[in-house]
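Peer 1: First the structure, which I've put down as structure tokens, then a few questions once you've had a look.
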Amino acid sequence: MAERKRLSGAQYRKRRAENEKDVTKQGDSLLKYLCTPHRDEGSPEELNNQAEADKEAEKSDEITVSEEFEPQNEMHGTHQESKSEVHKIDNFTGLYVNYGDPATSTKFDDHMRQILIEHGPEQVEQFDFPKDSMQRKFSNIHYNRRLVNGENIRRHWLQYSVSNDSVYCFCCKLFTSSTIGAPSLSDKGSHDWKNMSAILSGHEKSSEHLVNFQSWKELELRLQHMKTIDAEHLRLIKKKNSIGSKS
């Protein structure tokens, strides 16, 4: 069997520099997210109402942080069941988290933020959403933002809580430091289904949301970068141990 060719010190340093350059490029593209088109689901009446509400909102000046950039390991999930799924995330402290229900989490430290961001927000879709006293309810079409040109952008930050029939903003709930003056979608959530299109449109353009969204994506990128470095470090350790065992 032919002996495996080993890289010289200069060759290895060159390859490592190229890998680090690729990771840096990902950081440079942080604020250049553009979401891929996504097809709505909903009745014609719901779609028309959504389009009209969003069209009115789009007439004003708009600051948008779009969301094309997705980490290589997909961090956004879709919750397909109505049952509550609670996961134990720390055997030592007995800490549990329900990734699919934002209403069950109230306090966030840096450790919890990292856990939730590494997992990514889950969105409830295949669920019989309850109607309110006015026979209105949440619809999957709210997970998408319709632009005036007809393009749809996925609202990955939007989460529905089965436990209290309300919607929340994933990043604002994680990074809003005080409930005083905080966006409604970060504290108690909202179930004003009649005005939901206008509420979501106004929220995603607010300065608070844009700052929190950027904090989310920056931390997500740092965590991914750390995983890349850890994986490379582990590979080098295994390689060193393998060479040592053969000598």
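Residues in the sequence shown are numbered from 1 upward in steps of one, following UniProt numbering. From the three backbone atoms N, C-alpha and C, an ideal C-beta is built for every residue, glycine too.
Can you grab the Cα-Cα spacing for the pair residue 195 / residue 210, in whole Å?
Peer 2: Taking the first residue of the sequence shown as 1, we reach residue 195 at position 195. Taking the first residue of the sequence shown as 1, we reach residue 210 at position 210. Rounded to the nearest angstrom, the two C-alpha atoms are 21 Å apart.
Peer 1: Indicate the three-state DSSP secondary structure (helix, strand or coil) for residue 135 in the structure shown.
Peer 2: To locate residue 135, count along the sequence shown from 1; it is residue 135. Note: residue 135 maps to coil in three-state DSSP.
Peer 1: Compare the Cα-Cα distances from residue 116 to each of 124, 102, 129 and report the closest residue.
Peer 2: Position 116 of the sequence shown, counted from the first residue, corresponds to residue 116. Nearest C-alpha to residue 116: 102.
Peer 1: In the DSSP output, what is residue 155 paired with across the bridge?
Peer 2: Taking the first residue of the sequence shown as position 1, residue 155 is located at position 155. Answer is none; residue 155 lacks a bridge partner.
Peer 1: Which residue from 190, 202, 203 puts its Cα closest to that of residue 161?
Peer 2: Here residue 161 refers to the residue found at position 161 when the sequence shown is read from its first residue. That would be 190, whose Cα lies nearest to the Cα of residue 161.
Peer 1: Looking at residue 155 and residue 145, is the spacing between their C-beta atoms short of 8 Å?
Peer 2: Stepping through the sequence shown from its first residue, residue 145 is reached at position 145. Stepping through the sequence shown from its first residue, residue 155 is reached at position 155. The answer is yes: Cβ separation under 8 Å.
Peer 1: Can you give me the Cβ contacts of residue 130 inside the same chain, cut-off strictly under 7 Å, excluding the 5 residues immediately before and after it?
Peer 2: Residue mapping note: residue 130 aligns to position 130 of the sequence shown, counting from 1. Correct list, in chain order: 137, 165.
Peer 1: Taking all protein chains shown into account, decide if residue 152 is buried (16 or more other Cβ within 10 angstroms of its Cβ) or exposed.
Peer 2: Your numbering for residue 152 matches position 152 in the sequence shown. Counting Cβ neighbours within 10 Å, residue 152 comes out buried, since at least 16 surround it.
Peer 1: In or out: residue 148 buried (at least 16 other Cβ within 10 Å) or exposed?
Peer 2: For this step, residue 148 is matched to residue 148 along the sequence shown. Result: exposed.
Peer 1: Helix or strand or just coil, what does DSSP make of residue 144?
Peer 2: As a working note, residue 144 is residue 144 in the sequence shown. Of the three classes helix, strand and coil, the one that applies to residue 144 here is strand, per DSSP.
Peer 1: Strictly by DSSP, which residues pair up with residue 169?
Peer 2: What you label residue 169 is simply residue 169 of the sequence shown in a count that begins at 1. Paired residue(s): 158.
Peer 1: Output the distance between the C-alpha atoms of residue 176 and residue 128, rounded to the nearest integer angstrom.
Peer 2: Locating residue 176 in the sequence shown gives position 176, counting from the first residue. Locating residue 128 in the sequence shown gives position 128, counting from the first residue. Roughly 30 Å between the two C-alpha positions.
Peer 1: Give the single residue among 141, 99, 107 whose Cα lies nearest to the Cα of residue 122.
Peer 2: Along the sequence shown, one-based indexing puts residue 122 at 122. For the residues 141, 99, 107, the minimum Cα distance to residue 122 belongs to 99.
Peer 1: Give me the residue from 171, 143, 227 with the minimum Cα distance to residue 208.
Peer 2: Here residue 208 corresponds to residue number 208 of the sequence shown, with the count starting at 1. The candidate whose alpha carbon is nearest that of residue 208 is 171.
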